[in-house]
Amino acid sequence: MDNPWREIHQSLLAGVEVAVATIVGHSGSTPRGSGSRMLVYSDGRSVDTIGGGPVEADVIRTAQTLLTTREAMLRTYDLNSSADAAEMGVLCGGRLDVLIEYYDSDDITLQMLDRLQDAMANGKVAVLAGALNTKRDSEKVVIERSVKVDNEQWHGPFELSAELREYLEKEMKEMNTTALVNFGGERYILDAIVPRRTVYLLGGGHVARELAPLLRQAGFRIVVIDDRALFANTTRFPEADKVQVCEDYSRVFEEFHLDTNSYVIIVTRGHSYDKESLAQALRTKAGFIGMIGSRKKREQIYRMLQSEGFTFDDLQRVHCPIGLAIGAETPFEIAVSILAELIAYRARSGDK
Numbered sequence: 019m020d021n022p023w024r025e026i027h028q029s030l031l032a033g034v035e036v037a038v039a040t041i042v043g044h045s046g047s048t049p050r051g052s053g054s055r056m057l058v059y060s061d062g063r064s065v066d067t068i069g070g071g072p073v074e075a076d077v078i079r080t081a082q083t084l085l086t087t088r089e090a091m092l093r094t095y096d097l098n099s100s101a102d103a104a105e106m107g108v109l110c111g112g113r114l115d116v117l118i119e120y121y122d123s124d125d126i127t128l129q130m131l132d133r134l135q136d137a138m139a140n141g142k143v144a145v146l147a148g149a150l151n152t153k154r155d156s157e158k159v160v161i162e163r164s165v166k167v168d169n170e171q172w173h174g175p176f177e178l179s180a181e182l183r184e185y186l187e188k189e190m191k192e193m194n195t196t197a198l199v200n201f202g203g204e205r206y207i208l209d210a211i212v213p214r215r216t217v218y219l220l221g222g223g224h225v226a227r228e229l230a231p232l233l234r235q236a237g238f239r240i241v242v243i244d245d246r247a248l249f250a251n252t253t254r255f256p257e258a259d260k261v262q263v264c265e266d267y268s269r270v271f272e273e274f275h276l277d278t279n280s281y282v283i284i285v286t287r288g289h290s291y292d293k294e295s296l297a298q299a300l301r302t303k304a305g306f307i308g309m310i311g312s313r314k315k316r317e318q319i320y321r322m323l324q325s326e327g328f329t330f331d332d333l334q335r336v337h338c339p340i341g342l343a344i345g346a347e348t349p350f351e352i353a354v355s356i357l358a359e360l361i362a363y364r365a366r367s368g369d370k
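For any residue, its number in the working numbering is found by taking its place in the sequence shown, counting from 1, and adding 18.
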């Protein structure tokens with residue numbers, strides 16, 4: 019799911035009730051990890067997945083019940099337990115803590131979601147913090163939340179003591195997903211919402227056209243840049259967050275701020291502007307720089323860049339030929355191989 023918070027927000031604004039299932043803790047062998055989220059509607063429809071199989075089926079059934087009772091529940095699936103594994107009919111083992119909750123369309127919830135949407139639109143980090151109050155002898159919980167965006171104040175009905183604020187803000191700096199944390203004998207849930215990684219596609223040709231929708235499905239923000247209006251337009255790239263026609267590849271990033279969360283993919287037409295694009299990318303702080311092409315082409319471009327003052331260490335930042343070695347030939351296959359490498363890099367960087 020590209021943006022579950024937007025999906026929740028839009029559902030509530032449309033008067034559609036929704037329950038949200040979130041993995042808030044996991045260990046061992048599990049299909050998906052903490053922060054994975056699935057939306058469930060009263061008609062049984064679900065959006066995204068927390069791993070499929072019998073566990074997910076049970077979560078959907080529970081979510082539909084909670085849509086009726088308008089409650090929340092924290093369920094633990096211990097698939098290392100022979101009894102639980104036999105009951106669920108699974109063999110993979112592992113343990114999952116899943117928070118399943120009904121989302122109300124009250125003003126407080128809508129204001130909270132408004133803040134999250136604004137934060138994501140402006141590339142800010144946000145965090146939701148909530149207290150989990152467990153009902154006596156039950157898996158059911160009552161949750162009160164507040165939201166914090168960047169260095170702003172906390173907003174919401176959940177009142178945090180100075181000590182708890184200090185503790186949770188420290189936890190925020192060490193996580194970028196969802197987690198249950200313990201403080202003072204009480205349990206709290208933290209949802210860290212970090213800006214999407216931005217992929218800059220330099221070149222709007224066949225590979226870029228196949229890659230853009232895959233990037234969207236994988237949760238990346240997309241900027242397409244080409245020097246031809248015929249190739250750089252929203253009709254050709256409806257998935258893109260921004261499409262830019264550049265006059266000169268020597269100033270391709272002039273209007274952008276690239277940081278370590280930025281990915282640059284160089285696929286210019288006929289490789290005509292790959293060297294110039296790579297030179298500009300190396301002058302930024304981009305975390306990932308990839309260029310399509312053969313090893314022979316790579317060595318030729320590297321030699322020219324070194325003659326212009328770029329060092330061996332500079333060129334070590336470049337992933338070329340870009341894409342995992344899967345024997346790709348068609349533009350779609352090449353796009354799949356590139357996406358796979360980006361997902362692997364993102365995972366190593368600590369983002370889910």
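Beta carbons are placed, not taken as given, at the ideal position from N, Cα and C, and that holds for glycine. As the structure is a computational prediction, the values presented were derived from the model and not from experiment.
Extent of the continuous alpha helix (DSSP H) to which residue 157 belongs: Counting from one through the sequence shown, the residue named residue 157 turns up at place 139. Neither: residue 157 is in no alpha helix (DSSP H) and is coded neither H nor E.
CA-to-CA distance, residue 185 to residue 46, given in whole angstroms: One-based indexing of the sequence shown puts residue 46 at position 28. One-based indexing of the sequence shown puts residue 185 at position 167. Cα to Cα, residue 46 sits roughly 27 Å from residue 185.
Given residue 55 as reference, the closest of 159, 363 and 39 once Cα atoms are compared: As a position in the sequence shown, residue 55 is number 37, starting the count at 1. Of the candidates 159, 363 and 39, the one whose C-alpha sits nearest the C-alpha of residue 55 is 39.
4 or more residues per run - each alpha helix (DSSP H) lying fully within the segment 189-239: Every unbroken stretch of the alpha helix (DSSP H) spanning 4 or more residues and falling wholly within the segment 189-239 is given here in chain order: 224-235.
Same chain, Cβ closer than 6 Å to residue 308, neighbours up to 5 away in sequence not counted: Translated into the one-based positions of the sequence shown, residue 308 becomes position 290. Here residue 308 has 283, 337 and 340 as same chain residues with Cβ atoms under 6 Å from its own Cβ, once five neighbours each way along the sequence are excluded.
Nearest neighbour of residue 89, chosen from 160, 275, 354 and 173 [CA to CA]: Here residue 89 refers to the residue found at position 71 when the sequence shown is read from its first residue. Of the listed residues, the one whose Cα sits closest to residue 89 is 160.
Through-space distance from residue 149 to residue 51, alpha-carbon basis: Within the sequence shown, residue 51 is the residue found at index 33, counting from 1. Within the sequence shown, residue 149 is the residue found at index 131, counting from 1. So the alpha carbons of these two residues sit roughly 21 Å apart.
Anticipated Cβ contact below 8 Å, residue 83 with residue 115, distance rounded: Taking the first residue of the sequence shown as 1, we reach residue 83 at position 65. Taking the first residue of the sequence shown as 1, we reach residue 115 at position 97. With a Cβ gap of about 19 Å, residue 83 and residue 115 do not count as contacting.
Same chain only: Cβ atoms within 6 Å of residue 226, ignoring 5 sequence neighbours per side: The sequence position of residue 226 within the sequence shown is 208, counting from 1. Only 219 and 285 meet the Cβ criterion.
Assumed close pair residue 356, residue 276 - CB separation to whole angstroms, cut-off 8 Å: For this step, residue 356 is matched to residue 338 along the sequence shown. For this step, residue 276 is matched to residue 258 along the sequence shown. Their Cβ separation, rounded to whole angstroms, is 18 Å, which puts residue 356 and residue 276 out of contact at 8 Å.
Continuous beta strand (DSSP E) stretch holding residue 44: start and end: The residue given as residue 44 occupies position 26 in the sequence shown. Note, residue 44: beta strand (DSSP E), 36-45.
C-beta contact flag for residue 247 and residue 268 at 9 Å: Stepping through the sequence shown from its first residue, residue 247 is reached at position 229. Stepping through the sequence shown from its first residue, residue 268 is reached at position 250. The beta carbons of residue 247 and residue 268 sit no closer together than 9 Å.
Distance cut-off 8 Å: residue 53 Cβ against heavy atoms of the ligand FAD: As far as ligands go, the structure on display features none, and thus does not contain the ligand FAD.
Strand pairing of residue 275, partner residues [DSSP]: For the purposes of this step, residue 275 is taken as the residue at position 257 of the sequence shown. In the DSSP output, where bridge partners are listed per residue, residue 275 has none listed.
Straight-line gap, residue 32 to residue 117 (C-alpha atoms, nearest Å): Numbered from its first residue, the sequence shown carries residue 32 at position 14. Numbered from its first residue, the sequence shown carries residue 117 at position 99. Going from the Cα of residue 32 to the Cα of residue 117 covers about 24 Å.
Same chain only: Cβ atoms within 7 Å of residue 250, ignoring 5 sequence neighbours per side: By one-based count along the sequence shown, residue 250 stands at place 232. Excluding residues within five positions, the ones whose Cβ falls inside 7 Å are 222, 242, 243, 244, 261, 262 and 263.
For residue 346, three-class secondary structure by DSSP: Counting from one through the sequence shown, the residue named residue 346 turns up at place 328. Correct three-state label for residue 346: coil.
Beta-carbon contacts of residue 168 that lie in its chain and below 7 Å, excluding the five residues immediately before and after: As a position in the sequence shown, residue 168 is number 150, starting the count at 1. Closer than 7 Å at the Cβ level, and outside the excluded window around residue 168, lie 142 and 143.
Secondary structure of residue 177, DSSP reduced to three states: One-based indexing of the sequence shown puts residue 177 at position 159. Note: residue 177 maps to coil in three-state DSSP.
Which residues DSSP lists as bridging residue 262, in chain order: Within the sequence shown, residue 262 is the residue found at index 244, counting from 1. Partner(s): 243.
Own chain, CB closer than 6 Å to residue 109, minus 5 neighbours either side, in chain order: Working through the sequence shown from its first residue, we reach residue 109 at position 91. Because the pLDDT of residue 109 is 49, which lies under 50, any placement of that residue in the model is unreliable, and the question is left without a value.
Classification of residue 303 by the beta-carbon crowding that lies within 10 angstroms, buried from 16 upward: Counted from its first residue, the sequence shown places residue 303 at position 285. Per the 10 Å Cβ criterion, exposed.
Three-way DSSP call (helix, strand, coil) for residue 86 in this model: For this step, residue 86 is matched to residue 68 along the sequence shown. Reduced to three states, the DSSP call for residue 86 is helix.
Beta-carbon proximity list for residue 11, same chain, < 8 Å, skipping 5 on both sides: Not covered by the structure: residue 11. The range shown for the chain is 19 to 370.
Whole-number beta carbon distance between residue 92 and residue 189, since they are thought to touch under 8 Å: As a first step, residue 189 must be located in the sequence shown, where it is residue number 171. As a first step, residue 92 must be located in the sequence shown, where it is residue number 74. A Cβ-Cβ separation of about 19 Å leaves residue 189 out of contact with residue 92 under the 8 Å criterion.
Span of the beta strand (DSSP E) around residue 121: By one-based count along the sequence shown, residue 121 stands at place 103. Where residue 121 is concerned, the enclosing beta strand (DSSP E) stretches over 113-121.
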